[in-house]
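Counting from 1, one number per residue, gives the positions in the sequence shown under full-length UniProt numbering.
Idealized CB from N, CA, C, for every residue including glycine.
Keep in mind it's a predicted model, so treat the numbers as computed, not measured.
To keep things clear, I will list the structure first and then write my remarks on it.
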Amino acid sequence: MRAREISDAFYSSGRSGLPGNDDAGALSSWLVWTWVGLYPVVTQPVYLILAPRFDDISMKIGEGKMLRITAERQGNGGYVQSVRVNGRIWDRSWVSHEDLVGGAERKGGRIEFVLGEEKVEWDLGEGPPSPGHI
């Protein structure tokens, strides 16, 4: 939810809608990733899960592969209520790159969000891997 507050407060479609110096795309890429509902963890093949701003988005993620992310909104809320990854109920606050693209037999991945107005504990599974634990 904090990412949503920051993007609402500091980004807009106006002339100065991108705060400060974009530093070779760092600020704009942060905005795109957080609006998509994923955030890549540096040095890891892992993405943190955030509430997406889009209701339906598809991203080309390799030759012949697509990632589709959908969000069913209950009211005006921006809190994640539940997540499904490739049809499976998801209880982790992260996904691996492999979860999203799969092997040669898969044509990509799908993440389905339900968003609501109240904060719930949907992410009680294991935490993301850390570079210090590899």
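Using the Cβ count rule (16 or more neighbours within 10 Å means buried), how would you classify residue i?
{"i": "Arg92", "result": "buried"}
{"i": "Gly20", "result": "exposed"}
{"i": "Pro52", "result": "buried"}
{"i": "Ala3", "result": "buried"}
{"i": "Val83", "result": "buried"}
{"i": "Val80", "result": "buried"}
Note down, in chain order, each residue of its chain lying with its Cβ closer than 7 Å to the Cβ of residue i, except the 5 sequence neighbours on either side.
{"i": "Arg68", "result": "Ser58 and Arg110"}
{"i": "Asp123", "result": "Asp91, Arg92 and Ser93"}
{"i": "Pro131", "result": "Thr43 and Gln44"}
Report, in whole angstroms, the separation of the C-beta atoms of residue i and residue j, which I expect to be a contact under 8 Å.
{"i": "Gln74", "j": "Leu38", "result": "Between Leu38 and Gln74 the Cβ distance is about 21 Å, and since that is not below 8 Å, they are no contact."}
{"i": "Asp55", "j": "Thr70", "result": "7 Å"}
{"i": "Gly77", "j": "Glu117", "result": "3 Å"}
{"i": "Ile61", "j": "Leu27", "result": "The Cβ separation is near 23 Å, so there is no contact."}
{"i": "Gly108", "j": "Lys65", "result": "4 Å"}
Spatial neighbours of residue i within its chain, please: C-beta separation below 8 Å, excluding the five flanking residues on both sides.
{"i": "Trp94", "result": "Val41, Val46, Tyr47, Leu48, Ile49, Gly127 and Pro128"}
Could you give the residue range of the beta strand (DSSP E) that holds residue i?
{"i": "Glu63", "result": "Careful: Glu63 lies outside any beta strand (DSSP E) and carries neither H nor E."}
{"i": "Leu48", "result": "Val46 to Ile49"}
{"i": "Val83", "result": "Tyr79 to Val85"}
{"i": "Arg88", "result": "Arg88 to Trp90"}
Apart from the five residues just before and just after residue i, which ones in its own chain have a Cβ nearer than 6 Å to its Cβ?
{"i": "Glu72", "result": "Val114"}
{"i": "Val120", "result": "Gln81"}
Quick one: give me the first and last residue of the alpha helix (DSSP H) that residue i is part of.
{"i": "Ser29", "result": "Ala26 to Val36"}
{"i": "Glu117", "result": "Taken as a continuous stretch (DSSP letters only), Glu117 belongs to no alpha helix (DSSP H), as it is neither H nor E."}
{"i": "Val101", "result": "His97 to Val101"}
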